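So the structure is just underneath, and the comments pick up after that.
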Amino acid sequence: MAEAKPTPQDVLHRIQHTPPRSDWMETPVEIRKGMYCYAANPKSVATLGLPHPHAWNPVEDDWHLPENWQQILHEGFKERLERFRSFKVFMDICVRCGACADKCHYFIGTGDPKNMPVLRAELLRSVYRNDFSRMGRLLGKVNGARPMSFEVLREWWYYLFQCSECRRCSLFCPYGIDTAEITIMGRELLNLLGLNIDWIATPVANCYMNGNHLGIQPHAFKDMIDFFVDDIEEKTGVRVKPRFMEKGADILFITPSGDVFADPGTYTAMGYLMLFHYLEEKYGLKVTWSTYASEGGNFGFFTSHETMKRLNAKMYAEAKRLKVKWILGGECGHMWRVIHQYMDTMNGPADFLEVPVNPITGTRFEQARSTKMVHLVEFTADLIHHGKLDLDPRRNDYLKVTFHDSCNPSRGMGFFEEPRYVIRNVCNHFYEMPANTIREQTFCCGSGAGLNAGENMELRLAGGLPRANAVQHVHRKYGVNMLACICAIDRAALPALMDYWVPGVQVTGVHELVANALNLPGQNERTTNLRGEEFEELMAQAEGQSDEG
Amino acid sequence: MGEALFARIAKERAPLLSLWFDAALEGYARDTASFLKDRRDPFANPVGHHTRRGLERLFDELVGAMDMEAVTQALDPILRIRAVQHLTPARAVEFLFRFKRILSERFGAAPRSAEAAGLLFELHERIDRMVLAAFDVYMACREQVMELKANEMRQRTFRAFQRAGLVRPEHEKAPEADGE
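If you read the sequences in order, they're chains X and S. Take 0 as the starting number for the first sequence in numbering that gives the first Met the number 0 and just add one per residue. Take 0 as the starting number for the second sequence in numbering that gives the first Met the number 0 and just add one per residue.
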């Protein structure tokens with residue numbers, strides 16, 4: 000008898016909607032457009048003298064690797080295990096408790112289980128067990144071990160460049176395993192094969208050759224600052240006079256080049272210029288800029304320890320040459336992790352400089368006694384605390400501000416109160432995002448650690464979702480319309496994130512807010528903010544919005 | 000028309016929504032799906048939160064006024080998330096079709112009367128309209144992602160140079176409204 004004809008209902012019920020379950024090691028990696036950054040330009044890799052510069056494409060089957068690439072990786076792995084005890088410990092002690100699993104913004108946003116920090120680390124651990132542990136060699140997959148293969152390499156590359164080294168996961172690890180350190184090591188190993196991304200390699204080469212990530216030559220750097228001078232004069236009636244490479248100045252100021260060349264960071268840079276002008280007029284403080292040390296950021300940090308050290312050294316070389324007393328650093332994120340956690344070991348102690356003392360208030364910055372480098376926001380907070388700035392926060396009354404803690408200053412150096420103190424003194428309307436999204440638990444912008452390219456926009460938007468979601472909450476609840484931050488990557492990356500998830504919220508650096516509130520000696524009536532927007536219109540708009548609310 | 004079946008469906012709001020939410024998570028890996036389902040904090044789990052809230056609003060429109068503006072607003076957060084994730088366009092909107100199956104499993108696939116058939120047809124037609132709206136939302140999000148890719152560099156760096164007069168000769172000056 001012929002088989003009964005199935006009913007549509009039967010057919011419907013046979014369809015499986017759930018993806019097949021397979022072990023993570025058996026799930027092949029798919030390098031998806033929008034999630035990865037383009038491969039490094041070999042010229043940039045060669046400029047830095049890094050190994051194996053070559054042209055390659057992540058989506059092709061042949062990455063043009065050196066013949067002995069597995070041996071290179073094995074030896075590189077071994078060398079780092081011997082050199083960095085933390086790396087060895089992190090490879091050994093994870094008990095896979097899962098506390099970190101749902102804490103990564105990339106996992107939360109993309110839903111890809113290999114973005115769970117524990118699995119990202121397992122990418123390296125699986126090879127570690129195979130190559131360096133007897134049990135792993137004996138038991139193989141049962142022990143979570145696997146040999147290095149091209150498939151594994153592809154997986155390493157794809158997922159190690161989906162980690163922004165933000166360290167949120169490490170906050171929840173009962174053993175304190177720092178997945179960022181594992182990513183750092185993994186990226187170093189990839190660099191041994193010339194497998195960097197271009198958004199990192201070319202800025203690093205630019206910085207090495209021209210002084211800043213964007214490769215702007217000294218005259219263009221000065222031209223941009225001169226333009227800011229004209230712009231400030233137009234808006235305030237005061238012509239500020241920045242100093243460049245001035246020997247014997249009190250302080251050398253270094254900020255990420257993004258502040259000088261990319262909106263909205265440019266307005267923050269104008270804020271720096273206005274503050275320094277004020278301090279010189281009122282208190283005679285001489286701050287100098289440098290076109291040689293014209294980059295506070297350090298994408299070398301995302302390449303290798305040695306590359307980070309080479310870029311960092313320029314700051315100190317310039318401070319020494321100019322014979323300044325100490326260094327003041329602008330609003331940056333990873334720059335501060337480099338200074339706070341690595342600089343002293345790499346290039347310190349900077350004993351040719353003085354322990355930073357604010358000459359206006361007498362405050363001695365003990366925390367910077369070895370690095371000799373102070374964050375501008377703590378410097379400004381100190382000035383405000385001692386009543387040294389003439390501020391009119393009413394000029395920021397059209398703003399409802401929230402603050403995004405950048406990962407590195409917050410988790411990397413415990414820098415929570417100073418930016419809030421400054422904002423509260425220059426703005427009358429400040430609102431915090433929910434507690435589990437700020438301070439040490441802050442969510443990354445989704446674009447850190449060199450991942451703020453354009454081609455990986457899907458990754459950035461998905462990874463930035465937890466941050467944007469918290470901004471959306473205060474936008475809806477309090478009418479927040481300005482997201483303040485103290486990191487140049489944030490200023491570059493967050494506007495796109497806000498456009499996509501929370502339209503109506505703009506992005507600013509803290510010193511743009513400071514400058515709009517700061518009364519300069521001899522200023523005009525100040526009818527516009529630094530963006531050239533009329534205060535009268537902005538206030539009227541804000542009143543209209545709160546009436547509606 | 001539609002009251003009887005719609006009222007029965009509305010009465011079972013919570014269990015039906017629970018099934019619909021599970022169905023909406025089927026495009027995700029198992030570990031991810033259990034996280035999206037179990038973690039209730041909206042700030043620790045925005046994908047789960049927005050998906051759940053969106054489905055609730057869609058459910059209410061489905062058995063209620065079926066106001067297309069409200070439907071689009073409910074779809075937006077769900078599709079906005081899916082447009083930047085690994086889901087294909089078909090996978091991204093599939094959860095809407097899945098509600099038909101959930102309904103047939105719960106209330107039976109074959110209507111017992113002409114009236115019931117009419118109501119079921121109406122319900123399916125409403126879901127189809129939601130699917131069409133979902134295509135529009137999904138595509139608008141994808142287009143926005145592409146625009147952000149294309150314009151970000153220009154808006155950031157190029158505009159800073161442009162303002163400084165460092166990149167563009169005067170005769171090529173663009174209209175004021177350009178790109179703002």
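Ideal placement from N, C-alpha and C gives every residue a C-beta, glycine not left out. Since we're looking at a predicted model, the values are computed, not measured.
### Query
Taking the alpha-carbon positions, what's the Ser125/X to Asn455/X distance?
Between Ser125/X and Asn455/X, the C-alpha separation is close to 27 Å.
### Query
In chain order, what residues of the same chain have a beta carbon less than 8 Å from the beta carbon of Phe34/S, not counting five sequence neighbours either side?
Hits under 8 Å: Asn44 and Gly47.
### Supposed contact pair Phe243/X and Glu180/X - C-beta distance, whole angstroms, cut 8 Å
Contact between Glu180/X and Phe243/X is ruled out by a C-beta separation of about 38 Å, above the 8 Å threshold.
### Message
Taking the straight line between their C-alpha atoms, what separation do you get for Ala139/S and His384/X?
### Response
The alpha-carbon atoms of Ala139/S and His384/X are separated by roughly 48 Å.
### Message
Just to confirm my understanding: we take Ala98/X, look at its own chain, exclude 5 residues before and 5 after, and list those with CB closer than 7 Å. What are they?
### Response
Once the five neighbours on either side are set aside, the close Cβ partners of Ala98/X are Phe171, Cys172 and Pro173.
### Query
What three-state label does DSSP hand Trp62/X in the structure shown?
DSSP, reduced to helix, strand and coil, places Trp62/X outside both helices and strands of the structure shown, so it counts as coil.
### Task
Kindly indicate which three-state DSSP category Asp177/S falls into: helix, strand or coil?
Any reading at Asp177/S must be qualified, since the residue scores a pLDDT of 45, below 50, and its modelled position is unreliable; the value itself is stated next. In the three-state DSSP reduction, Asp177/S falls in the coil class, being neither helix nor strand.
### Task
Could you work out which residues of chain X lie near Met152/S, taking near to mean beta carbons separated by less than 7 Å?
Those within 7 Å of Met152/S in chain X are Gly453.
#### Entry: Spatial neighbours of Ala133/S in its chain, beta-carbon cut-off 7 Å, leaving aside the 5 residues before and after
In chain order, Leu74, Leu78, Val92 and Leu95 place their CB closer than 7 Å to the CB of Ala133/S, counting only its own chain and leaving out the 5 sequence neighbours on each side.
### Query
Is the beta carbon of Leu398/X within less than 8 Å of some heavy atom of the ligand GDP?
Summarising the ligand content, the structure contains no ligands, and the ligand GDP is consequently not present.
#### Entry: Cys206/X - containing beta strand (DSSP E), residue span
Under the DSSP assignment, Cys206/X falls outside any beta strand (DSSP E), being part of the alpha helix (DSSP H) whose first and last residues are Asp197 to Asn209.
### Segment contact, 8 Å Cβ cut-off, at least three pairs: the segment 133–141 of chain X with the segment 75–91 of chain X
No, the segment 133–141 of chain X does not touch the segment 75–91 of chain X.
### Task
Can you check DSSP and say which residues form a bridge with Ile557/X?
Residue coverage of chain X in this structure runs from 0 to 548, which leaves residue 557/X outside it and unanswerable.
### Message
Against chain S, which members of the segment 484–504 of chain X pass a CB distance test of less than 8 Å?
### Response
The residues in question are Ala491, Pro494, Ala495, Asp498, Tyr499 and Trp500.
### 6 Å CB neighbourhood of Arg56/S in its chain, flanking five on each side removed
Excluding positions up to five away in sequence, the list reads Ala73.
### Message
Quick check: the segment 110–123 of chain S against the segment 409–423 of chain X, are at least 3 beta-carbon pairs closer than 8 Å?
### Response
With a cut-off of 8 Å on Cβ pairs, the segment 409–423 of chain X is not in contact with the segment 110–123 of chain S, counting fewer than three such pairs.
### Query
Candidates Leu122/X, Arg309/X, Thr527/X and Pro355/X: which alpha carbon is nearest Ala367/X's?
Distances from the CA of Ala367/X to each of Leu122/X, Arg309/X, Thr527/X and Pro355/X were compared; the closest alpha carbon is that of Pro355/X.
#### Entry: Val70/S and Arg128/S closer than 9 Å at C-beta
For Val70/S and Arg128/S, yes; Cβs fall inside 9 Å.
#### Entry: Test item: CB-CB of Lys193/X and Leu49/X under 9 Å
The question names Lys, yet the displayed sequence has Gly at residue 193/X. Yes; because the gap between Cβ atoms is below 9 Å, this pair is in contact.
### Task
Return yes when the Cβ of Gly447/X is within less than 9 Å of the Cβ of Cys93/X, no when it is not.
Contact: no.
### Message
Cβ closer than 7 Å: which chain S residues qualify as neighbours of Glu511/X?
### Response
Per Cβ cutoff of 7 Å: no residues; Glu511/X is ~14 Å from chain S at best.
### Query
Quick check: the segment 322–329 of chain X against the segment 372–387 of chain X, are there 3 or more CB pairs under 8 Å?
They touch, by the three-pair rule.
### Message
Cutting at 6 Å between CB atoms, please list the residues of its own chain near Tyr499/X, excluding the five before and the five after it.
### Response
Leu460.
### Query
Can you give the Cα-Cα distance for Thr507/X and Ala6/S, rounded to whole angstroms?
Using only the alpha carbons, I get a separation of about 51 Å.
#### Entry: DSSP-derived helix/strand/coil call for Ala483/X
Strand at Ala483/X.
### Query
So which of Leu191/X, Tyr277/X, Phe300/X and Asn468/X has the shortest CA-CA distance to Lys387/X?
Ranked by how close their Cα comes to the Cα of Lys387/X, the residues Leu191/X, Tyr277/X, Phe300/X and Asn468/X have Tyr277/X in first place.
### Query
Looking at the C-beta of Ile567/X, does it have a partner C-beta in chain S at a distance below 9 Å?
Beyond the ends of chain X as shown, which are 0 and 548, falls residue 567/X; an answer cannot be given.
### Message
With distance defined between alpha-carbon atoms, name the residue in Leu47/X, Val28/X and Lys4/X nearest to Lys308/X.
### Response
Taking only the C-alpha atoms, the option nearest Lys308/X is Leu47/X.
### Message
Mapping the DSSP letters down to three states, classify Gly463/X as helix, strand or coil.
### Response
Here Gly463/X sits in coil by DSSP.
### Query
Are the CB atoms of Gln161/X and Asp197/X nearer to each other than 9 Å?
Contact flag unset, no.
### Message
Pop quiz: Leu321/X and Thr287/X are said to be a contact at Cβ under 8 Å. What is the actual Cβ separation, rounded to whole angstroms?
### Response
Their Cβ separation, rounded to whole angstroms, is 6 Å, which keeps Leu321/X and Thr287/X in contact under 8 Å.
### Task
Give a yes or no on whether the minimum CB-CB distance between Glu533/X and chain S is below 9 Å.
No, its Cβ sits nowhere closer than 9 Å to a Cβ of chain S.
### Query
Would you say His104/X and Arg466/X are within 9 Å of each other, going by their C-beta atoms?
Yes, the Cβ-Cβ distance between His104/X and Arg466/X is below 9 Å.
### Message
Counting only beta-carbon separations shorter than 9 Å, does Met0/X have a partner in chain S?
### Response
Only weak support exists for where Met0/X lies, its pLDDT of 47 falling under 50; the value from the coordinates is given anyway. Answer no: the Cβ-Cβ gap between Met0/X and chain S never drops below 9 Å.
#### Entry: Thr26/X in three-state terms, based on DSSP
In the three-state reduction of the DSSP assignment, Thr26/X falls in the coil class.
### Task
Could you tell me which of Leu512/X, Lys476/X, Val504/X and Pro348/X sits nearest to Val425/X, measuring between CA atoms?
Val425/X has its Cα closest to that of Leu512/X, out of Leu512/X, Lys476/X, Val504/X and Pro348/X.
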